[in-house]
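K.L.:
Residue numbers (my numbering): 168 to 269. Idealized CB from N, CA, C, for every residue including glycine. Because the structure is a prediction, the values reported are computed rather than measured.
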Amino acid sequence: MQEEKIKNRSKLDIIYDVLASATGGVKKTHIMSRANLSSEQMNYYFNTLLHHSLLNAEKDSENNSVYKTTQKGIRFLHCCAQIKSLIAPIVKVRMQGELLFL
168 MQEEKIKNRS KLDIIYDVLA SATGGVKKTH IMSRANLSSE QMNYYFNTLL
218 HHSLLNAEKD SENNSVYKTT QKGIRFLHCC AQIKSLIAPI VKVRMQGELL
268 FL
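#1: Hey, could you find the ends of the beta strand (DSSP E) S232 is sitting in?
#2: Could I get the ranges of all uninterrupted alpha helix (DSSP H) runs contained in the region 183-227, with 4 residues as the minimum, in chain order?
#3: Any idea what DSSP makes of R242, helix, strand or coil?
#4: Tell me whether I333 is buried or exposed, calling it buried when 16 or more other Cβ atoms sit within 10 Å of its Cβ.
#5: Between which residues of its own chain and D184 is the CB-CB distance below 6 Å, once the five residues before and five after are set aside?
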């Protein structure tokens with residue numbers, strides 16, 4: 168039986184997942200679920216994203232707290248997507264075990 172390697176996500180990947188989960192305005196528990204975070208992880212990233220204005224707290228029609236990715240957060244998502252597309256060929260080559268000379 169072959170062991171599967173479990174790759175931990177980078178902090179950048181986690182931030183991306185949180186912001187992508189909140190683009191439409193959702194409750195905190197929905198973000199936790201969609202981004203696959205523990206409550207401890209969620210609190211750490213949540214407070215950081217709020218502090219840096221990448222995420223915003225709002226109230227819905229029933230006065231529940233919902234959180235939405237800000238315009239700054241949307242720009243962050245777009246930049247990350249661009250970077251991922253630029254490095255994808257490099258990562259692919261590296262995963263295939265080929266030498267890469269830049």
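P.N.:
Inspection of the coordinates gives the following:
#1: To locate residue 232, count along the sequence shown from 1; it is residue 65. S232 to T236 is the extent of the beta strand (DSSP E) around S232.
#2: 195-202 and 206-218
#3: On the sequence shown, residue 242 is found 75 positions in, with the first residue counted as 1. Assignment of R242 by DSSP, reduced to helix, strand and coil, places it in the helix class.
#4: Residue 333 lies beyond the range of the chain shown here (168 to 269); nothing can be said about it.
#5: What you label residue 184 is simply residue 17 of the sequence shown in a count that begins at 1. Once the five neighbours on either side are set aside, the close Cβ partners of D184 are A202.
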